[in-house]
Structure formats: structure tokens, C-alpha cells
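266 is the number that numbering that gives the first Met the number 0 gives to position 267 of the sequence shown; each next residue is one higher, with no gaps.
All C-beta atoms in this analysis are idealised placements derived from N, C-alpha and C, irrespective of residue type, glycine included.
Below is one structure, written out as C-alpha cells, with a few remarks after it.
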Amino acid sequence: MKLKDALKDDLSEEELHLLIRAYDVVGDIAIIIIPPELQSKEKLIGDTILRLHKNIKVVAKRAGNYEGEFRTIQLTIIAGEDRKETEYREHGVRFFLNPEKVYFSVRSSNERKRLAALVKPGEEVLIMFSGIGSFPLVLAKNSPAREIIGIEKSQIAHDYALRNLTSNRKINNVTLLAGDVADLLPDLNRKFDRVAMPLPKTAEMYLDIALHSLKHRASLHFYDFQQTNLFDNSIKKVNTACKRNNRTLIQAETHICGHSGPRTYRICVDACIS
Ligand SMILES: C[S@@+](CC[C@H](N)C(=O)[O-])C[C@H]1O[C@@H](n2cnc3c(N)ncnc32)[C@H](O)[C@@H]1O
Numbered sequence: 000m001k002l003k004d005a006l007k008d009d010l011s012e013e014e015l016h017l018l019i020r021a022y023d024v025v026g027d028i029a030i031i032i033i034p035p036e037l038q039s040k041e042k043l044i045g046d047t048i049l050r051l052h053k054n055i056k057v058v059a060k061r062a063g064n065y066e067g068e069f070r071t072i073q074l075t076i077i078a079g080e081d082r083k084e085t086e087y088r089e090h091g092v093r094f095f096l097n098p099e100k101v102y103f104s105v106r107s108s109n110e111r112k113r114l115a116a117l118v119k120p121g122e123e124v125l126i127m128f129s130g131i132g133s134f135p136l137v138l139a140k141n142s143p144a145r146e147i148i149g150i151e152k153s154q155i156a157h158d159y160a161l162r163n164l165t166s167n168r169k170i171n172n173v174t175l176l177a178g179d180v181a182d183l184l185p186d187l188n189r190k191f192d193r194v195a196m197p198l199p200k201t202a203e204m205y206l207d208i209a210l211h212s213l214k215h216r217a218s219l220h221f222y223d224f225q226q227t228n229l230f231d232n233s234i235k236k237v238n239t240a241c242k243r244n245n246r247t248l249i250q251a252e253t254h255i256c257g258h259s260g261p262r263t264y265r266i267c268v269d270a271c272i273s
């Protein structure tokens with residue numbers, strides 16, 4: 000039964016109209032947006048979600064949006080158990096995380112699988128902004144990469160990433176580094192076949208160091224927020240950085256990875272750079 004149907008005797012027509020139908024489920028935690036007008040009914044809404052889905056043990060409401068350098072979001076528990084840590088499985092990988100303390104989006108699950116499918120045998124891959132290790136571990140499990148390095152600045156996210164790496168014992172080609180990519184990458188002095196930049200809000204700032212880390216004729220995945228019909232502007236950002244760094248953009252195409260507000264998308268520029 001759908002949430003709106005289950006609540007039709009308890010909420011007015013107007014309240015049902017305000018109720019946001021979709022909510023994310025991370026492990027056994029449901030994360031929902033409660034409009035201010037429905038605040039007095041949040042416990043009822045949370046309990047109804049628990050009743051409808053026996054696999055959900057915690058219902059939390061989002062307060063605001065992803066914020067700050069570490070892209071975290073405040074959560075308030077409205078029903079169920081009093082905890083925010085959960086275990087989540089994706090594409091054969093087991094993750095532990097607290098969705099309030101670290102950035103994580105189940106909505107990027109398809110994107111992680113899409114990138115894994117692009118990796119060719121023997122590739123050395125760099126994931127900038129690796130969070131709890133979601134991209135490195137999904138790629139390690141689902142691609143023929145030789146080596147994957149992830150770099151993450153948030154110590155909490157990095158600690159979860161290390162825990163997630165040890166929880167997936169068969170994965171043995173991932174190295175996770177804690178720190179700012181701007182500090183660590185120059186010292187690493189490595190070149191990669193593929194570099195992914197999953198930080199759409201500010202990835203542009205790091206294009207120069209990403210290009211310095213790319214081998215000749217290598218792949219770059221540059222994430223950006225972009226409005227409908229303006230996707231070429233994101234390709235231009237990559238092209239401008241290439242020119243600045245004496246590199247050549249051989250080929251580029253854009254993929255929609257998700258929504259980010261009205262007429263705005265989270266997109267990925269898949270680029271081949273020599
Ligand atoms: C949008 S999240 C993506 C996390 C992860 N790739 C995922 O999709 O689950 C961006 C991540 O970049 C990290 N971050 C932000 N600035 C950074 C920097 N300069 N160096 C390394 N990591 C950074 C944040 O802490 C956050 O975990």
C-alpha cells in the first residue's frame with residue numbers, strides 16, 4: 000500500500016496533497032521530507048512508514064539540504080529506533096554509514112554501476128571526493144580495474160570508508176587516503192587511466208589537479224549541476240581547463256545522473272583527454 004493511501008483516513012485532502020510521496024531508504028532508515036504544515040503529523044507519518052515496510056526500522060526527516068564542505072544534512076528521528084547508523088548493500092558491496100554525519104545518496108547507485116561498466120581491464124582509477132568509499136568499492140567489485148585510489152577530506156567519512164573496505168574482504172585493490180585532494184594529489188605524483196570527480200557543486204575548482212593526474216588519452220568524469228539545455232556549458236568548463244593545462248579534449252558527452260531542483264540536473268561529463 001502506498002503512503003498516501005495508508006494515510007487517507009488520517010489526513011485532510013489538503014494535507015495529503017502536501018505529503019511528499021517519495022522518500023529515500025538507506026539500509027533500514029527511511030529519510031523523508033516533512034513540509035512545515037505537516038509537522039504536527041510527523042509521528043503519524045513515520046509510524047505509518049514503519050507499519051507499511053517491515054524492513055524499515057528508523058524514520059528520519061530531513062532538515063534543509065546538503066550543506067558545507069562535507070555535504071552533510073541534518074536528520075531528526077520521527078519514528079522507530081533511536082539510531083542513525085545503518086548497513087546498506089549495493090551492487091554486491093556492504094556499506095556502514097550514518098547518513099547525517101557523511102554524504103551518501105542511494106540515488107547515485109545507477110551512476111556507480113554505469114562508471115563500473117566503463118572501466119577497462121587493468122585500469123588505474125582515481126576517485127576524488129570518495130566519501131564512505133561508495134564509488135571505489137562498487138567499481139572494485141564490479142569492474143576489471145587493477146587499482147583504485149580514493150581520497151576523502153572528511154575524517155568521519157574516511158573512517159567509514161576504511162570500515163567498509165575491511166567489511167568487504169574480497170576487495171583487495173582499493174587504497175583510501177584521508178585528506179584534501181588539493182594537498183594529497185600533487186604529493187602522490189601518480190597518473191591514472193580514469194579520474195572521477197563526484198562533487199558537483201565545486202568540482203570545477205579541482206579540474207587542474209585532476210588533469211595533472213590523468214595519463215595521455217585517459218577518461219575524466221566531471222560532475223556538475225546544470226540547467227536543462229545548458230549541458231554544453233559543463234563541457235566548456237572541461238575544455239577551458241584542458242586549454243589552460245595544455246591538454247586536448249578529444250571527445251565529451253553528458254549524462255543525466257539525477258535531479259537537483261526545478262529544471263536543474265546532476266550531470267556527468269564523460270571526457271576523453273589526451
Ligand atoms: C557529494 S559528496 C560525494 C561522496 C561520494 N563520492 C558518494 O557519492 O557517496 C562529496 C565528498 O567530497 C568530500 N570533499 C569535499 N571537498 C574535498 C576535498 N577538497 N578533498 C577531498 N574530499 C573532499 C566531502 O567530504 C564529501 O564526502
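Within 8 angstroms, strictly: CB atoms of V58 and A78: yes
S153 burial status per 10 Å Cβ neighbour count (16 or more: buried): When all chains shown are included, S153 counts as buried.
Contact test: K42 Cβ vs ligand 1 heavy atom, cutoff 7 angstroms: Every heavy atom of ligand 1 is 7 angstroms or more from the Cβ of K42, so no.
Simplified DSSP state of H220, which is helix, strand or coil: strand
Segment contact, 8 angstroms Cβ cut-off, at least three pairs: the region 220-236 with the region 187-199: Three or more Cβ pairs closer than 8 angstroms define a contact, and the region 220-236 meets that threshold against the region 187-199.
Buried versus exposed call for M204 [16 or more other C-beta atoms within 10 Å across all chains shown]: exposed
Status (buried if at least 16 other CB within 10 Å, exposed otherwise) for A62: exposed
Terminal residues of the alpha helix (DSSP H) in which R88 lies: According to the DSSP assignment, R88 belongs to no alpha helix (DSSP H) but to the beta strand (DSSP E) extending over 85-89.
Top-ranked residue by Cα proximity to A177, from T263, I126, L138: I126
Cβ-based neighbour list, A5, same chain, cut-off 7 angstroms, excluding 5 preceding and 5 following: Excluding residues within five positions, the ones whose Cβ falls inside 7 angstroms are T47, L51.
Contact test: I72 Cβ vs ligand 1 heavy atom, cutoff 7 angstroms: no
Between the CA atoms of D81 and L229 - distance to the nearest angstrom: Distance between the alpha carbons of L229 and D81 is about 44 angstroms.
Assigned secondary structure, G63 (DSSP; H/G/I helix, E/B strand, else coil): strand
Integer Cβ distance of F191 from I131, believed to fall under 8 angstroms: F191 to I131, Cβ: 21 angstroms. No contact.
DSSP beta-bridge partners of E146: BP columns for E146 point to E123.
With 16 other Cβ atoms within 10 Å as the buried cut-off, status of N245: exposed
Spatial distance of I266 from D231 (CA atoms): 11 angstroms
For A29, the nearest candidate out of R20, A156, T247 (CA to CA): The closest CA to that of A29, considering only R20, A156, T247, is found on R20.
Whether A115 touches L138 by CB criterion (8 angstroms): yes
For T263, the three-state DSSP class (helix, strand or coil): strand
CA-to-CA distance, Y87 to V25, given in whole angstroms: 6 angstroms
Burial state of Y102 (16 or more Cβ within 10 Å): buried
Closer than 7 angstroms: G63 CB and nearest ligand 1 heavy atom: no
Residue nearest to R106 in terms of C-alpha spacing, selected from D269, H258, R262: H258
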